[in-house]
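Before any comments, here is the structure.
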Amino acid sequence: MRLRMLRQYGLLCQLSVIAVVTGLLFNVQATVLADTSAEDLQLVPSEDYAIYDRIIQAKFLTSDTTLVLIRRLTATRIGPEEVPFRRQFFEENQFFDGTLPPSLLAEFLTGTRRPSRLQPKLNVGLRYRLVSDFNAEIEEAGLVLHSAAWTAAGADPRIGLEFSRVAYAPKENLALVYVGNYRSDGTGAGFFIVLQPQQSGWEIQDTEVVWMMR
-7 MRLRMLRQYG LLCQLSVIAV VTGLLFNVQA TVLADTSAED LQLVPSEDYA IYDRIIQAKF
53 LTSDTTLVLI RRLTATRIGP EEVPFRRQFF EENQFFDGTL PPSLLAEFLT GTRRPSRLQP
113 KLNVGLRYRL VSDFNAEIEE AGLVLHSAAW TAAGADPRIG LEFSRVAYAP KENLALVYVG
173 NYRSDGTGAG FFIVLQPQQS GWEIQDTEVV WMMR
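Using the working numbering, you'd call the opening residue of the sequence shown number -7 and step up by one each time.
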């Protein structure tokens, strides 16, 4: 009986070691796969950054802003409810009174099927950080930021933004992009923005509010 119990105990120890090793290997493999998949994502084209710059400067920067946090991966879903970008969504809501050129909408839907990776190529005139999660901005930005203090002071010097890929309709000289704005107090909003090229660069032509949190 004692010999059998020792054998069973030894077998349990072996199984425990195997389980631990297997778990460690799985975690390492999952981490490697996650990192590899992120690195393998298509990069945002260089021409998109001028549009991101213009939108940030024209719509979101204030005299209080000191830091812009931007999601590293482009948006493939809309807002906190993560509604997927679908043609039906545009048809049901009739954004821009349904006047978006079909070619522009088709290009937008194609570009939002899977995320692309942003690089630090923005030129917004102040500090910015590319982050994977707004909730981890302290670690990723390397700064100690206290939301309650900013709220009490009346203004948060940070803004959190996410962008979709930019869609272009060359014949109509139009560009379309989705932007999500997330604030530290839990409020925010999402927008579709149409731009046109001018001599000075891309300029915002029209904006539609897609979602809002108050």
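Cβ atoms here follow ideal geometry from the backbone N, Cα and C, with glycine treated the same way.
Would you identify the three-state DSSP class for D198, choosing helix, strand or coil?
Three-state DSSP puts D198 in a strand.
State the DSSP-derived secondary structure class of G182, mapped to helix, strand or coil.
Look at G182 here: in three-state DSSP terms it is strand.
Pairwise C-alpha distance: S124 and L65
In this structure, the straight-line span from the alpha carbon of L65 to that of S124 is close to 7 Å.
How about D45 and V116: are their beta carbons less than 8 Å apart?
Taking 8 Å as the Cβ cut-off, D45 and V116 qualify as a contacting pair.
So, helix, strand or coil for A67, using DSSP?
In the three-state reduction of the DSSP assignment, A67 falls in the coil class, being assigned neither a helical nor a strand state.
Does DSSP classify F77 as helix, strand or coil?
In this structure, F77 counts as coil in the three-state DSSP scheme.
Inter-residue Cα distance where the pair is I62 and K163
Going from the Cα of I62 to the Cα of K163 covers about 30 Å.
Inspect the beta-carbon positions of D151 and I47 and report whether they are closer than 8 Å.
Per the sequence presented here, residue 151 reads as Ile, with Asp not at that position. Between I151 and I47, the gap from beta carbon to beta carbon reaches 8 Å or more.
Suppose the cutoff is 8 Å on Cβ atoms and the five residues either side in sequence are ignored; what does the same chain contact list for M(-7) look like?
With a pLDDT of 46 at M(-7), under the threshold of 50, the modelled position of this residue cannot be trusted; read the value that follows with caution. Answer for M(-7): no residue qualifies.
Just to confirm, are E200 and F88 a CB contact at a threshold of 8 Å?
Result yes, Cβ atoms of E200 and F88 sit closer than 8 Å.
Between P94 and M205, is the Cβ-Cβ spacing less than 8 Å?
Against a cut-off of 8 Å, the Cβ pair of M205 and P94 comes out as no contact.
As assigned by DSSP and simplified to three states, the class of L97
For L97, the secondary structure class from DSSP, reduced to helix, strand or coil, is helix.
I'd like to know whether the C-beta atoms of R175 and D148 end up nearer to each other than 8 Å.
Against a cut-off of 8 Å, the Cβ pair of D148 and R175 comes out as a contact.
Bounding residues of the beta strand (DSSP E) (the contiguous stretch that carries I151)
Counted as a single uninterrupted DSSP element, the beta strand (DSSP E) harbouring I151 occupies residues R150 to F155.
Within the continuous beta strand (DSSP E) that includes A161, where are the two ends?
A159 to A161 is the span of the beta strand (DSSP E), which, as asked, contains A161.
Return the Cβ separation of L166 and L96 in integer angstroms, given the expectation that the two are a contact with Cβ distance under 8 Å.
Their Cβ separation, rounded to whole angstroms, is 6 Å, which keeps L166 and L96 in contact under 8 Å.
Give, in chain order, every unbroken run of the alpha helix (DSSP H) that is at least 4 residues long and sits entirely within the segment 31 to 67.
When DSSP assignments are scanned along the segment 31 to 67, the uninterrupted stretches of alpha helix (DSSP H) that are 4 or more residues long and fall wholly within it turn out to be 40 to 47.
Does the Cβ of T58 have 16 or more other Cβ atoms within 10 Å, making it buried, or fewer, making it exposed?
Under a 10 Å Cβ-count criterion, T58 is classified as exposed, with fewer than 16 other Cβ atoms of the shown protein chains found around its own Cβ.
Starting from G172 and walking both ways along the beta strand (DSSP E), at which residues does that stretch end?
Its beta strand (DSSP E) spans residues L166 to Y174.
If I follow the unbroken beta strand (DSSP E) through V123, where does it start and stop?
Following the DSSP letters along the chain, one finds V123 inside the beta strand (DSSP E) bounded by residues Y120 to V123.
Would you kindly work out how many angstroms separate the C-alpha atoms of S192 and Q49, rounded to a whole number?
Near 14 Å, if we compare the C-alpha coordinates of Q49 and S192.
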